[in-house]
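Chains as they are written, first to last, in our numbering: chain Y, 1 to 479; chain S, 1001 to 1479.
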């Protein structure tokens, strides 16, 4: 492990944190503080020079007028004050031996030339003290294992997902969207303007981090393209990137958001393609692809079987597979014969895509039998299943996976987390046997078994395509 | 109004229905029957020749061994039996003076050559009696105004949406998906193999139907391309089409689904473009575009203002606008000055896209002020708003619309219908003030006011693009 890894790893293993910008009247500093409290972080101190009385507490946490008065080592500082106070805070932190400072405060390079100068000054001070900076204009770190956090009520459970985001709000939203799908994080990093530690540093870190199994990123621009290329070439984990600023309008917006230069979209496209980086275009796609790579199942061929109760989506799913460079599997005669025993004679189809007909809505055993027969077919490498909504039949699929171990992507017409309150009594009685409350755990279990859930057939097909590519791209073949 | 219109309109105004295929042990016929019961359709009769006793009822509906024994006029028959009985039923219906038969039964043209022949025979018999056929292999009609239905528990409320679907299951799924968004139907038609009445007939009908304000379609193929072109040229209502079978694999699947020939995708593309047909690729996009055209607001220019609390999605939304041929509006100096009074100095952006910063999460008035200032700006033609999730601030938008009347598309990171049970207590406390149960009504109200909700920024931008095109495409300019 190199020095960047251990430096960042040290920050993630901070044992004490000092938060600047917490006040009696509340505000964003207090929100950040609540995040640490919710994660039960071991040693939290508030530093507020305007509070000079002793023994003051805010939200149950002791307040000190400066670091010196704490009298104990402080590993990490969080700075959430007006930007004009940041310089003095950085100096104080450097003098006190703080290892790193997360600068939540904004108003630097993304603002104007003066802001850029001020940011450079901060960097010089930090370097003098061999202290690392994260931000400015960022949320910092969330790491449930060690208790770091950037927002209240994030899950305390750890998971395989490492996330790097230039945008703080996306780190937040992804935290909550992931919660709904039962997806948990090893680390989530919002790094903002990146005057010191930046995208490449964190990518390198997560590439080596044993707790991180897959890496997802929201990116506006990177500073050192060559290093980025070397990293994606080297890292042997799935990398999913939501790269924005791909049009002039987007690039301009990125400029005023985090002061980023986005670069030529075509160049990015080539690099992503060449090194097997999976590209997504919005949060929904990001959630879709993350699920597919929580525990992807190795696959050597691209022959997909489509199973659908609804016949219409079966046709659309066939289109989606072909558009994603997948092949429709030709079922063995044996499988077809087996299917004939269960599938209704009319309004159905035994050839791929397998259309179970309306009957499947009322006869759950039909689905179970079809899953098993098709899943076991040696001509089938992967399955795309279209469901109206998730039913308890997911259990059959998980059980079947123990035996067949093939990538499965489910497209669901109606999101499983939708409240049953929104439905009429009939639908509640006929379809939803799964309470929304239980859905995150169920999706998590499916993901662990190589089954992912998608909002439409195109994303389900894209997920299967990406899994196939991941295991069959020569640049990434040594997994 | 021509004869096709009045023929189909007569069917929609049927006053009595006879259902074949209902049995004591249950099955799909009983499901169809329940649909009619739930809609409180006036005169329902069950015909089952195996039940010869008198005064028998199934599910509270009287059973007759044949039409003759009913002794009252029957306008419409629904045939849900094994295909081998269909011919005799058609003959009986013709002789009794039934106006139309919905053939739910499958096993005809989509099955094999023999099936095709059998279907032709049915058509000849029907023509002899001047009776119209819908199907085979279809669900038939849903029309809450007159009580026709094809599935239990569909809403009894009428709405502006006319839907035509080759696939029965998609008509069903759309019925329930629309329910979740508070969208209601004038008529929904599933026409299957279309041996008699087909896509063009229903398109022509809905084009003239005063209860239908917009037309959405799921289509595998049409039989008379020229007539289709003439219709889309003529019809002065928004038309949204989900055309499948666009790849060889999809075309093959469509063939075995409804016996359709899909035709060259490029030709379709040209026709759709030329005549302003809006194309969608899955159910999710369909729901997105329908919402945008429930009550689209006329617009002459394509200058969009993006408002986002989260900064990251603001950048991605700017990309999405540019990719959809929209322009980012340049706010007036006045608006910028006004915004400066409310928007936090740091971590935000006053130039379009307007980034309200993390502060907006905790300060709802910030959003309200920004909506008003930006919405009133004369340089702004349309608004794209990115929200983490729907909050009661939607009321401000509806109120603002009375004054500004501009198309507004909202992209929501977390679907509003998600059960709050899936969230942690903190999110429930901080974000969700809207109960999922209330969401369908709220979305309906927004749609009525030209505000649509989308699952991602690309679909929000596509919706705005389509609204602009709809009012500015010369072929469709005379609205």
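No residue lacks a Cβ here, since even glycine has one placed at the ideal position from N, Cα and C.
Here the structure is a predicted model, which is why all the values come from computation and not from measurement.
Between residue i and residue j, how many whole angstroms is the CB-CB distance? I'm expecting something under 8 Å.
| i | j | result |
| --- | --- | --- |
| residue 1229(S) | residue 1277(S) | Going by Cβ atoms, the distance from residue 1229(S) to residue 1277(S) rounds to 10 Å, so no, they are not a contact pair. |
| residue 1211(S) | residue 1252(S) | Contact flag wrong, Cβ pair sits at about 37 Å. |
| residue 1214(S) | residue 1160(S) | 6 Å |
| residue 1128(S) | residue 1094(S) | 7 Å |
| residue 1465(S) | residue 1410(S) | Their Cβ separation, rounded to whole angstroms, is 15 Å, which puts residue 1465(S) and residue 1410(S) out of contact at 8 Å. |
| residue 987(S) | residue 1086(S) | Chain S is shown only over 1001 to 1479; residue 987(S) falls outside these bounds and no answer can be derived. |
| residue 80(Y) | residue 19(Y) | 7 Å |
| residue 1329(S) | residue 1369(S) | No, residue 1329(S) and residue 1369(S) are not in contact; Cβ-Cβ is about 18 Å, not under 8 Å. |
| residue 1035(S) | residue 1154(S) | 7 Å |
| residue 306(Y) | residue 353(Y) | 4 Å |
| residue 1299(S) | residue 1468(S) | 6 Å |
| residue 1389(S) | residue 1412(S) | 6 Å |
| residue 170(Y) | residue 1312(S) | 4 Å |
| residue 1331(S) | residue 1371(S) | Actually they are not in contact, since the Cβ atoms of residue 1331(S) and residue 1371(S) sit about 13 Å apart, beyond 8 Å. |
| residue 297(Y) | residue 407(Y) | 5 Å |
According to the Cβ coordinates, are residue i and residue j closer than 8 Å?
| i | j | result |
| --- | --- | --- |
| residue 16(Y) | residue 43(Y) | yes |
| residue 217(Y) | residue 240(Y) | yes |
| residue 1452(S) | residue 1320(S) | no |
| residue 1109(S) | residue 1193(S) | yes |
| residue 533(Y) | residue 1399(S) | Here chain Y has residues from 1 to 479 only, and residue 533(Y) is not among them. |
| residue 456(Y) | residue 1444(S) | no |
| residue 174(Y) | residue 132(Y) | no |
| residue 1231(S) | residue 1162(S) | no |
| residue 957(S) | residue 1185(S) | Outside the shown range of chain S, which is 1001 to 1479, sits residue 957(S), and nothing can be said about it. |
| residue 31(Y) | residue 1245(S) | no |
| residue 190(Y) | residue 1310(S) | no |
| residue 22(Y) | residue 46(Y) | yes |
| residue 141(Y) | residue 151(Y) | no |
| residue 1302(S) | residue 1381(S) | yes |
| residue 1105(S) | residue 342(Y) | no |
| residue 99(Y) | residue 156(Y) | no |
| residue 1050(S) | residue 322(Y) | no |
At a CB-CB cut-off below 8 Å, which residues of chain S make contact with residue i?
| i | result |
| --- | --- |
| residue 396(Y) | Within 8 Å Cβ-Cβ: nothing; residue 396(Y) doesn't reach chain S, min ~21 Å. |
| residue 284(Y) | 1455, 1456 |
| residue 271(Y) | Ordered by position in chain S, no residue passes the 8 Å Cβ test against residue 271(Y), which lies about 18 Å from the chain. |
| residue 315(Y) | 1167, 1220, 1244, 1245, 1250, 1253, 1254, 1257 |
Output the boundary residues of the alpha helix (DSSP H) element that contains residue i.
| i | result |
| --- | --- |
| residue 205(Y) | 199-208 |
| residue 4(Y) | 3-12 |
| residue 159(Y) | Element bounds for residue 159(Y): not the alpha helix (DSSP H) but the beta strand (DSSP E), 158-165. |
| residue 394(Y) | 394-404 |
| residue 1184(S) | No alpha helix (DSSP H) holds residue 1184(S); DSSP gives it neither H nor E. |
| residue 1108(S) | Neither: residue 1108(S) is in no alpha helix (DSSP H) and is coded neither H nor E. |
| residue 213(Y) | It is not in any alpha helix (DSSP H) - residue 213(Y) carries neither H nor E in the DSSP assignment. |
| residue 471(Y) | 457-472 |
| residue 335(Y) | 333-342 |
Quick check on the DSSP output: the beta strand (DSSP E) that includes residue i runs from which residue to which?
| i | result |
| --- | --- |
| residue 1318(S) | No beta strand (DSSP E) holds residue 1318(S); the alpha helix (DSSP H) holding it covers 1311-1323. |
| residue 1376(S) | Element bounds for residue 1376(S): not the beta strand (DSSP E) but the alpha helix (DSSP H), 1364-1376. |
| residue 1047(S) | 1043-1047 |
| residue 1304(S) | 1303-1308 |
| residue 132(Y) | 132-134 |
| residue 20(Y) | 16-20 |
| residue 1140(S) | 1140-1142 |
| residue 241(Y) | 239-243 |
Could you name the residues of chain S that residue i contacts, counting a contact when the two beta carbons are closer than 7 Å?
| i | result |
| --- | --- |
| residue 422(Y) | 1180, 1417, 1436, 1437, 1439, 1440 |
| residue 405(Y) | Here the premise fails: no neighbours, minimum Cβ distance about 25 Å. |
| residue 388(Y) | 1173 |
| residue 54(Y) | Under the 7 Å cutoff, chain S gives no residues; its nearest Cβ is about 30 Å from residue 54(Y). |
Kindly list, in the order they appear in chain Y, the residues whose Cβ is closer than 8 Å to that of residue i.
| i | result |
| --- | --- |
| residue 1127(S) | Ordered by position in chain Y, no residue passes the 8 Å Cβ test against residue 1127(S), which lies about 24 Å from the chain. |
How would you list, in chain order, the residues of chain Y whose beta-carbon sits under 7 Å from the beta-carbon of residue i?
| i | result |
| --- | --- |
| residue 1321(S) | 249 |
| residue 1141(S) | Result: empty, since nearest Cβ-Cβ is about 16 Å, beyond 7 Å. |
| residue 1413(S) | 173, 177, 283 |
I want to verify the contact list: residues of chain Y whose CB lies under 9 Å from the CB of residue i, in sequence order.
| i | result |
| --- | --- |
| residue 1106(S) | 344, 345, 346, 347, 348, 357 |
Could you work out which residues of chain S lie near residue i, taking near to mean beta carbons separated by less than 9 Å?
| i | result |
| --- | --- |
| residue 191(Y) | None at all; the shortest Cβ gap to chain S is about 12 Å. |
*Write down every uninterrupted run of the alpha helix (DSSP H) in the stretch 253-292 of chain Y whose length is 4 residues or greater and which is fully enclosed by it, in chain order.*
Those alpha helix (DSSP H) runs which fall completely within the stretch 253-292 of chain Y and span 4+ residues are 265-274, 283-292.
*Which whole runs of the alpha helix (DSSP H) in the stretch 1065-1092 of chain S are 4 residues long or more, in chain order?*
Secondary structure within the stretch 1065-1092 of chain S: the alpha helix (DSSP H) runs of 4 or more consecutive residues, fully enclosed, are 1067-1070 (chain order).
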